[in-house]
Amino acid sequence: MNNTTVTSPFSDTADYSVEDPSLSWQPLAYFNLFRLLLSGALVLMANWGLLLKPLGSFNPNLFVTAAGIYLVVAVVAVVTQWFRRPGFLTQAVGFLFIDLTVTLVLMHSSGGTGSGLGILLMVYVAAAGLLLPRELTLLLTALATLGLFAEQARWWLTDAVIPADFTRAGLLGIGLFATAAIAYELARRSRVNAKLAADRGEELKNLARLNEEIIQRMQTGVIAVTREGTIQLANKAARDYTSSALAAGTLLLDCAPTVASQYERWVQTQTQPPLKAGEKIRTNIGESSADEKKPGSTLIFLEDASAAAQQAQLMKMASLGTLTASIAHEIRNPLAAISTAGELLRETDNLPEQTVALTEIIDRHGSRLNRIVEEILEMGKIKPFDPQTVALGDWFSQFTQDFCLTHGLDQEALALEVAPGLTITFDTNQLHQVVWNIAENALQHCNRAHPFPWISITADYGYPTNQVVIN
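Offset between the sequence shown (1-based) and the working numbering: plus 2.
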């Protein structure tokens, strides 16, 4: 079951948060200043006899008393707003209610709605719409309208010399609600735009921090400079390449003279600086803005020339591997034809001994060339690593049989010494290829004049890492 918290519209947190731009104390301070100037002007005009009719015409003493009290309230409002005690909504609602009450009293002392003081009610309900939530704005507007009708009802019930004018009061009440609605809608849109602007500003800050982090982590050195050559930004790679701090606000010429000279040459010729022999850093320069009429910062990129050379070497090796595979394919076709011709010749009856020896040579060397082609093609293939647990004793026994049978050797030509129970986890195809190549290399370079064995393979745990070592 969800817990729901009901917040009173009169509380300091109703509808708004303290961080809301609409709750900024600055608008309230402006309104307090207006209240102070208005009440002060009324008090001075009342005491110096400068009141214009019909202000205070019905009850001058009440008008002067209300104006004096209003001046005191205005001073208290300024003080409480300065110390921000009590909270924002408490101050705004309380003093706006006093504003409406004092205005109704001033209207009564001046002869009612005909005095023209109703315009002050519109000012105050407009302020309520700008400062307060919708519920509180409607509440204050309704109280002001009821006050107007109560004032007219008093004139009507007492049969005063001033006639009651409910029509004017009604029109003024409608005007109050319309003013409050317009002011609240304007304030709402202002709050939405302010929040949207704050969110966009925060997003821009986050994006700027993200860009800064990306630039700092780049392996390529980046330096942003103005047209005058003042450094605006430099990442860690650029500082490492130039062996300089490259502090923002300093001249590039003072920090990295070589890069500065390349930049000046680029400004004059708009051509990239060439990479000279022996230089380890490649420099690329370009504008950060695509608008030629409003050029922005110039970006200088510093790259390790040796890394570029290594990349080029890798590309050459890849091309060489492709060429080798193509040659191997071309060799395989005529090799198959030669091997087939040798088999057909060997199947002929009553061949001379020299011809039989020739067919054996053709078969042996054809098989050798075919194996070389297959190995070249296999080396060009990228196979996934498939590790398996292998018992080296059994695996080497089978390997010895295959190797000796393939090369026409006796079993005694290859000596094995494998620790009992020795196992490894490895790709059996790769293990077979590696050990086979090593054994063939040993067979090719061994001295066959010596007694057996010609090849020796040992496998045991190495010290001190306890890893399997195959010699």
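Each residue gets a CB set at the ideal place from its N, CA and C atoms; glycine is no exception. Keep in mind that this is a model prediction, so the values were computed, not measured.
DSSP links threonine 425 through a beta bridge to Ala393.
With at least 16 other beta carbons inside 10 angstroms of its own, glycine 113 counts as buried. Residue state for glutamate 289 is assigned as strand, using DSSP reduced to three classes.
In the DSSP assignment, valine 227 forms a beta bridge with Ile233, Thr300. In the three-state reduction of the DSSP assignment, aspartate 306 falls in the strand class. For tyrosine 243, the closest of Arg267, Thr252, Glu281, Thr326 by C-alpha to C-alpha distance is Glu281. Looking at the backbone, the Cα of isoleucine 374 and that of phenylalanine 401 are separated by about 19 Å. For arginine 370, the three-state secondary structure derived from DSSP is helix.
Counting C-beta atoms within 10 angstroms of its own C-beta, tryptophan 397 has 16 or more neighbours from the protein chains shown and is therefore classed as buried. One thing to note: alanine 68 has its Cβ within 9 Å of the Cβ of serine 111. When the beta-carbon positions are compared, leucine 178 and methionine 109 stay at least 9 Å from each other.
The alpha-carbon separation between alanine 240 and asparagine 286 amounts to approximately 12 Å. Fully contained in the region 88-164 are the following alpha helix (DSSP H) runs of length 4 or more, in chain order: 90-111, 120-133, 136-160. Take alanine 130, set aside five residues on each side of it, and the residues of its chain with a beta-carbon closer than 6 Å to its own are Leu98, Thr139, Leu142, in chain order. Alanine 247: not part of any alpha helix (DSSP H); DSSP gives it neither H nor E. Counting other Cβ atoms within 10 Å of its Cβ, phenylalanine 90 reaches 16 or more and is therefore classed as buried. Across the structure, serine 321 and glutamine 312 are spaced so that their CA atoms are roughly 14 Å apart. For leucine 46, no pairing in a beta bridge is given by DSSP.
With the rule of 3 Cβ pairs closer than 8 Å, the region 341-356 does not count as touching the region 301-308. In the same chain as alanine 258, and ignoring 5 residues on each side of it, the C-beta atoms closer than 6 Å to its own belong to Thr244, Ser246, in chain order. The beta carbon of serine 341 sits closer than 6 Å to those of Gly368, all from its chain and outside the five residues before and after it, given in chain order. Glycine 172: member of the alpha helix (DSSP H) spanning 168-219, first to last residue.
Proximity of the region 256-276 to the region 179-197 falls short of the contact definition, fewer than three beta-carbon pairs being nearer than 8 Å. When Cβ pairs closer than 8 Å are counted between the two stretches, the region 33-41 is seen to touch the region 78-95, the count reaching three or more.
CA-to-CA, the gap between cysteine 406 and glutamate 414 works out to about 9 Å. Taking the C-beta atoms as reference points, glutamate 289 is found no nearer than 9 Å to threonine 271. Within the DSSP bridge table, the entry for threonine 460 names Glu419 as partners. In this structure isoleucine 217 touches valine 224 by the C-beta definition: roughly 5 Å separates them, less than 8 Å. Around the C-beta of glutamate 153, 16 or more other C-beta atoms lie within 10 Å, and the residue is accordingly described as buried. The straight-line gap separating the alpha-carbon atoms of arginine 87 and leucine 44 is approximately 27 Å. Taking the CA atoms as reference points, histidine 434 sits about 11 Å from aspartate 404. The alpha-carbon separation between lysine 238 and alanine 94 amounts to approximately 53 Å.
If you check the CB distance, leucine 159 and valine 127 do not come in under 9 Å.
Collapsing the DSSP output to three states places leucine 253 in a strand.
Remark: C-beta atoms of threonine 361 and glycine 344 approach each other more closely than 9 Å. Under the DSSP assignment, glutamate 414 falls outside any alpha helix (DSSP H); it carries neither an H nor an E label.
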